[in-house]
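To start, the structure under review is shown below, and the notes come after it.
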């Protein structure tokens with residue numbers, strides 16, 4: 060509906076002087092000033108809305124950033140160093156069991172003795188190896204010392220030796236193995252003598268001499284219960300003590316890994332008083 064024209068406006072139209080005085084420009088100014096408060100109010104509301112929207116957008120962005128960070132942290136994958144990074148100062152972290160399996164553990168977190176025994180029997184369970192001890196060469200290489208028993212032609216064969224396990228990006232794998240075989244019957248322990256390949260009995264100390272990946276190894280069996288220590292002197296006249304491992308079968312097993320190849324090696328067995336009971340010299344394997 061069109062609004063009714065006020066009386067004062069009609070009187071102005073009938074009076075030319077008043078009309079001239081109350082010009083259209085003045086009317087427009089009055090109208091503009093009348094509308095000004097509402098316009099200013101609308102501008103203020105719009106500015107307030109923009110500020111509120113900006114604050115809300117900032118809060119939402121912050122929440123998304125926090126959530127993204129939490130998601131990335133939950134999906135973080137630990138990196139295992141390769142064999143070329145063995146000198147790194149960063150301690151490696153194990154791969155989660157769910158991804159790597161129960162026996163696939165990082166070098167930084169060594170498997171248990173039971174897990175090592177499972178690993179060395181993984182590829183050949185028919186001749187079961189019994190874990191005796193382990194020696195770490197570096198963070199990516201482990202030597203596992205074990206023994207295995209076999210029945211052969213009514214006699215029992217005892218073998219002692221090593222598995223050379225390496226870490227390969229996701230798991231420990233045996234890359235090399237070496238074992239020395241002896242025969243046991245009611246009369247004692249027999250072994251093959253070096254040089255003449257003849258089986259002879261032994262009553263005191265059996266020594267095997269071999270190597271894996273440039274790591275010289277001396278190991279064997281202690282038969283004489285009087286032997287309490289085994290001392291090895293290398294070509295530089297440096298002395299090393301072997302590790303001795305008593306077993307429930309009544310025998311004692313021993314081994315020593317050398318850091319470098321320094322021939323010849325003199326192997327001596329000693330009693331509890333330090334007296335030398337046996338002595339033998341070993342050269343290249």
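Residue numbers (the numbering used here): 60 to 344.
Just so you know, even glycine gets a beta-carbon here, dropped at the ideal spot from N, CA and C.
The structure presented is a predicted model; accordingly, all values stated were derived computationally and were not measured.
Q) Taking Cβ to Cβ, would you say residue 240 is nearer than 8 Å to residue 205? A) no
Q) What are the partner residues of residue 301, as DSSP defines its beta bridges? A) Its beta-bridge partners do not exist; DSSP assigns none.
Q.
Given a cut-off of 8 Å on the beta-carbon distance, is the pair residue 187 and residue 212 in contact?
A. no
Q.
Tell me the rounded alpha-carbon separation between residue 282 and residue 225.
A. 32 Å
Q: Pull up the DSSP beta-bridge partners for residue 339, would you.
A: 326
Q) By a C-beta neighbour count over all protein chains shown, 10 Å radius and 16 as the cutoff for buried, is residue 14 buried or exposed? A) With the chain running from 60 to 344 in the structure shown, residue 14 is simply not present.
Q. What is the DSSP secondary structure of residue 173, reduced to helix, strand or coil?
A. helix
(Q) Please state the DSSP three-state secondary structure of residue 179. (A) Under the three-state reduction of DSSP output, residue 179 falls in the helix class.
**Q.** Separation of residue 246 from residue 318, as counted between CA atoms
**A.** Cα-Cα distance, rounded: 38 Å.
Q: With DSSP as the reference, label residue 114 as helix, strand or coil.
A: helix
Q. Can you tell which of 219, 312, 323 and 180 has the C-alpha that lies nearest to the C-alpha of residue 286?
A. 312
Q: Compare the beta carbon distance of residue 321 and residue 337 with 8 Å and say whether it is the shorter of the two.
A: no
Q: Could you check what DSSP says for residue 288 in three-state terms: helix, strand or coil?
A: strand
Q. If we count Cβ pairs, one from each stretch, closer than 8 Å, do we get three or more for the segment 293 to 303 versus the segment 251 to 260?
A. no
**Q.** CB of residue 190 within 8 Å of CB of residue 219, strictly
**A.** no
Q.
Taking a contact to mean a Cβ-Cβ separation below 8 Å, would you say residue 274 touches residue 325 in this structure?
A. no
Q: Within the segment 221 to 255, note down every full beta strand (DSSP E) run reaching 3 residues or more, in order along the chain.
A: Runs found: 230 to 244 and 247 to 252.
Q | Minimum C-alpha distance to residue 272 - residue among 316, 229, 179 and 298 | A | 316
Q: Report the option in 233, 244, 252 and 266 whose CA atom is closest to the CA atom of residue 182.
A: 233
(Q) Applying the 10 Å Cβ sphere with the 16-neighbour rule, what's the burial state of residue 137? (A) Unreliable placement is indicated for residue 137, whose pLDDT of 31 sits below 50; the coordinate value is still reported in the next sentence. Residue 137 is exposed by the Cβ-count criterion.
Q: Pull up the distance between the alpha-carbon of residue 236 and that of residue 174, whole angstroms please.
A: C-alpha separation (whole angstroms): 18 Å.
Q. From residue 248 to residue 340, what does the alpha carbon distance come to, in whole angstroms?
A. 21 Å
Q: Report the three-state DSSP secondary structure of residue 279 (helix, strand or coil).
A: strand
Q) Could you give the C-beta distance for residue 276 and residue 314, rounded to a whole number, given that I count them as a contact under 8 Å? A) 7 Å
Q | Terminal residues of the beta strand (DSSP E) in which residue 270 lies | A | 264 to 271 is the span of the beta strand (DSSP E), which, as asked, contains residue 270.
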